[in-house]
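Q:
In our numbering, the protein residues as written are 607 to 766.
Below, the structure is given as structure tokens:
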């Protein structure tokens, strides 16, 4: 869940140059051009042709249920974790019954998703999961892919 939140996060732009340019345009009393919609890490990685690897998922049905309920809900100004009331309402409207441990797990996964979403807004935030080399020998191709993936996440938009 945390990895999905990291991929879906849009890193904050901390570029001082962009703010300086924006202020210069305001001083010249020209209407600034609309800023391009920022891309999530996943969109940027797909644009860069980076292979996106996801962690193993031993219980896909749990993640499917969480995505159906919604991994987060609106909480005023920011996302908030889903509540047990939301889970109960989902069960009532879909005629599904969850075991108590499943409800607690959905809530815990939602809390982790929201926390990672906030953490992942930092431009230099590392991914919460990187595929480890399982063999005693180094798999250079896999290591290279992981490094490229990590570096692509830190790379800004392509220069025009």
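Heads up, the beta-carbon is just placed ideally off N, CA and C, and yes, glycines get one too.
Values in this document were obtained by computation on a predicted structure and should not be read as measured data.
Could you round the C-beta distance between residue 642 and residue 619 to whole angstroms and report it? I think they count as a contact, below 8 angstroms.
A: Not confirmed; about 11 angstroms, so no contact.
Q: Check whether the region 679-687 touches the region 706-719, taking contact to mean three or more Cβ pairs, one atom from each stretch, closer than 8 angstroms.
A: yes
Q: With DSSP as the reference, please indicate the residues paired to residue 761 in a beta bridge.
A: None, per the DSSP bridge assignment.
Q: Would you tell me roughly how many angstroms separate the C-alpha atoms of residue 731 and residue 701, rounded to the nearest one?
A: Here the alpha carbon of residue 731 sits roughly 40 angstroms from the alpha carbon of residue 701.
Q: Just the C-alpha distance for residue 735 and residue 709, rounded to the nearest angstrom, thanks.
A: 24 angstroms
Q: Excluding five sequence neighbours on each side, which residues of the same chain lie with their C-beta closer than 8 angstroms to the C-beta of residue 668?
A: 708, 711, 712 and 715
Q: If you follow the beta strand (DSSP E) that residue 684 is in, where does it begin and where does it stop?
A: 684-686
Q: Quick one: Cα of residue 658 to Cα of residue 678, how far?
A: 23 angstroms
Q: Can you name, in chain order, every residue of its own chain whose Cβ lies under 7 angstroms from the Cβ of residue 666, other than the five neighbours on each side?
A: none
Q: Rank 720, 671, 653 and 683 by C-alpha distance to the C-alpha of residue 705 and give the top, closest one.
A: 671
Q: If you compare alpha carbons, which of 692, 727 and 719 is closest to residue 646?
A: Each of 692, 727 and 719 was checked against the Cα of residue 646, and the nearest Cα belongs to 727.
Q: In this structure, does DSSP put residue 705 in helix, strand or coil?
A: If DSSP states are grouped into helix, strand and coil, residue 705 belongs with coil.
Q: Between the Cα of residue 729 and the Cα atoms of 758, 691 and 748, which residue gives the shortest distance?
A: Checking every option, the nearest Cα to that of residue 729 belongs to 758.
Q: In whole angstroms, what separates the C-alpha of residue 660 from that of residue 698?
A: 32 angstroms
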